[in-house]
Ligand SMILES: NC(=O)c1ccc[n+]([C@@H]2O[C@H](COP(=O)([O-])OP(=O)(O)OC[C@H]3O[C@@H](n4cnc5c(N)ncnc54)[C@H](O)[C@@H]3O)[C@@H](O)[C@H]2O)c1
Ligand SMILES: O=C(O)[C@H](O)CO
C-alpha cells in the first residue's frame with residue numbers, strides 16, 4: 037500500500053481528476069484546467085524529487101491525467117498504474133523527455149506531452165550567458181572581488197578569450213541550438229560550424245544573409261559550415277555548445293578522446309542533458325588543461341556533481357536553470373496542462389509543435405488542441421486543422 041502524499045485541491049467537484057506532481061509557476065494553467073471541469077490535485081510534498089511510490093500514491097484508483105517533471109521516472113510501473121486508474125494522458129513540464137519510457141506509454145495507450153518552443157530563447161540565452169561567463173572568467177573574478185583580493189588593475193588579471201571573429205560550434209542545431217547560434221553570430225560576429233543529423237537550412241540562410249549585410253556595411257562577413265562529423269566541430273571551434281536530445285546516440289557524446297581533440301583554450305557549454313558529457317573525463321580534462329573552460333547547466337548524476345568538479349576554477353556551474361525565466365516557466369506549465377486537458381477532452385493534436393504561440397496568449401482562449409504529443413503518430417491521434 038503506497039504512503040499518502042500531501043496535496044492541495046482545486047475545484048473539488050470537477051469531473052476529471054488531474055494530478056500535478058509539483059506546484060508550477062503562474063495561475064493560467066490552473067484556471068484553464070478548472071474552467072474545463074477538472075478537479076486539480078497539486079502535490080505539496082516538501083521533497084524535491086518524488087519517487088515512483090510517491091507518484092503511485094498520487095495516481096490512486098482514479099486519475100484522468102498527470103502533469104509530471106523531468107526528475108521523475110516515468111516507465112512501465114507508472115504508465116500501467118495510470119492506465120488502470122483510467123488515465124490516458126501524461127505531460128512532462130519540459131521539452132526533453134528522456135525520463136519517459138515512450139514505448140511503455142504506447143503499450144498502455146497513454147499520450148505523452150512535452151513543452152517545446154516556449155523555452156527555446158530562454159534556454160539559448162543561458163547557453164550564451166555561460167559562454168560569456170566562461171570566456172571572460174566572470175565567476176572567478178566575482179569570487180576574487182568578494183574575497184577582498186583586488187589590489188588594483190593589472191595587465192594579467194583575469195585575462196580570458198575574445199569571441200568576436202572566433203568560431204562557434206553547435207552540436208545539435210535544432211530549436212535551441214539554432215537560437216543559440218544566432219545569438220552568438222549576431223552578438224559577437226562569430227563564424228559558425230555545426231553538426232546535426234539534419235541540415236539546419238533556416239540557420240544557414242540566416243548566416244548567409246547576415247554575412248551579406250555585414251559585408252555591405254564594410255565589415256568582415258560571418259560564415260557557416262555544416263560539419264561532416266562531430267569531430268570536425270570539436271577540432272575547429274573556439275566555443276562549443278551542446279544542444280542535442282539525450283538518447284543512446286548522444287550518451288557520452290563528449291568523452292575523453294573527443295575532449296582531447298578540442299583546442300586547449302576552447303570553451304564547452306552544456307545546456308542539454310548531463311550524460312551527453314562523460315563528466316569524470318571532463319573533470320580530468322579540466323584539471324590537466326587550466327585554460328580550457330566549461331559552462332554547465334546540467335550534470336551526469338543530477339543533483340550531484342562528479343568528484344572534483346566543484347573545485348575546478350575553470351568550470352562555471354549552475355543548477356539546471358536554463359529555462360528559468362518567468363514567461364517561459366509559466367508557458368511550460370500552460371503547455372503541459374493543455375496537453376493533458378486536450379487528451380482528456382478528445383481534442384486533436386496541434387499540427388506544428390514548433391509554433392505554440394497560439395496557446396500562450398493570455399488574452400484569448402487557447403485552441404482546442406493538444407500543443408505537443410510526442411507519441412501522437414503511434415497512438416493514431418488526429419491532427420488539428422486549426
Ligand atoms: N538545460 C535545460 O534546462 C534545457 C532546456 C530545454 C531543453 N533542454 C534539452 O535540450 C534538448 C534540445 O531541445 P530542442 O528544443 O532544441 O530540441 P530539438 O529537437 O529542436 O533539437 C535537438 C537536435 O538534436 C539533433 N540530434 C539528435 N541526435 C543527434 C546526434 N546524435 N548528433 C547531433 N545532433 C543530434 C536533432 O536532429 C535536433 O536537430 C532537449 O531535448 C532537452 O534535453 C535542456
Ligand atoms: O528539457 C527541458 O525542458 C529542460 O531541461 C527544463 O526546462
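Numbering (my numbering), first residue to last: 37 to 422.
Ideal Cβ positions, reconstructed from N, Cα and C, are used throughout, including at glycine.
6 Å CB neighbourhood of residue i in its chain, flanking five on each side removed
| i | result |
| --- | --- |
| residue 329 | 170, 303, 350 |
| residue 231 | 207, 263, 266, 269 |
| residue 112 | 140 |
| residue 205 | 229, 269, 273, 276 |
| residue 50 | 73, 74, 75 |
Helix, strand or coil at residue i according to DSSP, with G and I counted as helix
| i | result |
| --- | --- |
| residue 337 | strand |
| residue 328 | coil |
| residue 143 | helix |
| residue 367 | helix |
| residue 189 | coil |
| residue 104 | strand |
| residue 85 | coil |
| residue 247 | helix |
| residue 261 | strand |
| residue 374 | helix |
| residue 398 | coil |
| residue 138 | helix |
| residue 240 | helix |
| residue 392 | coil |
Inter-residue Cα distance where the pair is residue i and residue j
| i | j | result |
| --- | --- | --- |
| residue 221 | residue 125 | 40 Å |
| residue 65 | residue 379 | 15 Å |
| residue 173 | residue 301 | 12 Å |
| residue 228 | residue 271 | 13 Å |
| residue 203 | residue 402 | 41 Å |
| residue 338 | residue 310 | 8 Å |
| residue 105 | residue 52 | 21 Å |
| residue 102 | residue 88 | 13 Å |
| residue 242 | residue 252 | 15 Å |
| residue 92 | residue 80 | 15 Å |
| residue 391 | residue 415 | 22 Å |
| residue 46 | residue 75 | 6 Å |
| residue 237 | residue 332 | 28 Å |
| residue 152 | residue 118 | 24 Å |
| residue 289 | residue 347 | 24 Å |
| residue 281 | residue 216 | 15 Å |
| residue 417 | residue 248 | 44 Å |
| residue 166 | residue 327 | 16 Å |
Cβ shell of residue i (< 7 Å), same chain only, five flanking positions each side left out
| i | result |
| --- | --- |
| residue 191 | none |
| residue 369 | 60, 61, 62, 65, 129 |
| residue 404 | 383 |
| residue 419 | 384, 385, 387 |
| residue 155 | 131, 359, 364, 368 |
| residue 97 | 121 |
| residue 177 | 194 |
Nonlocal neighbours in the same chain, by C-beta distance under 8 Å from residue i, ignoring five residues either side
| i | result |
| --- | --- |
| residue 365 | 60, 61, 62, 359 |
| residue 240 | 260, 262 |
| residue 244 | 260 |
| residue 341 | 315, 335, 353 |
| residue 180 | 186, 194 |
| residue 255 | 225 |
N- and C-terminal bounds of the beta strand (DSSP E) containing residue i
| i | result |
| --- | --- |
| residue 93 | Premise fails: residue 93 lies in the alpha helix (DSSP H), 88-95, not in any beta strand (DSSP E). |
| residue 44 | 43-46 |
| residue 203 | 203-207 |
| residue 120 | Where residue 120 is concerned, there is no enclosing beta strand (DSSP E), although the alpha helix (DSSP H) it sits in stretches over 112-120. |
| residue 228 | 227-231 |
N- and C-terminal bounds of the alpha helix (DSSP H) containing residue i
| i | result |
| --- | --- |
| residue 173 | Taken as a continuous stretch (DSSP letters only), residue 173 belongs to no alpha helix (DSSP H), as it is neither H nor E. |
| residue 413 | 412-415 |
| residue 217 | 211-224 |
| residue 269 | 266-272 |
CB-CB length for residue i against residue j, believed under 8 Å
| i | j | result |
| --- | --- | --- |
| residue 375 | residue 149 | 3 Å |
| residue 305 | residue 345 | With a Cβ gap of about 15 Å, residue 305 and residue 345 do not count as contacting. |
| residue 163 | residue 307 | 4 Å |
| residue 68 | residue 54 | Rounded, the Cβ-Cβ distance is 11 Å, inconsistent with contact. |
| residue 431 | residue 109 | No information on residue 431 is available, as it lies outside the stretch 37 to 422 that the chain covers here. |
| residue 361 | residue 158 | 4 Å |
Chain C contact for residue i (CB, 8 Å cutoff)
| i | result |
| --- | --- |
| residue 190 | Structure shown: chain C not included; a single protein chain is present. |
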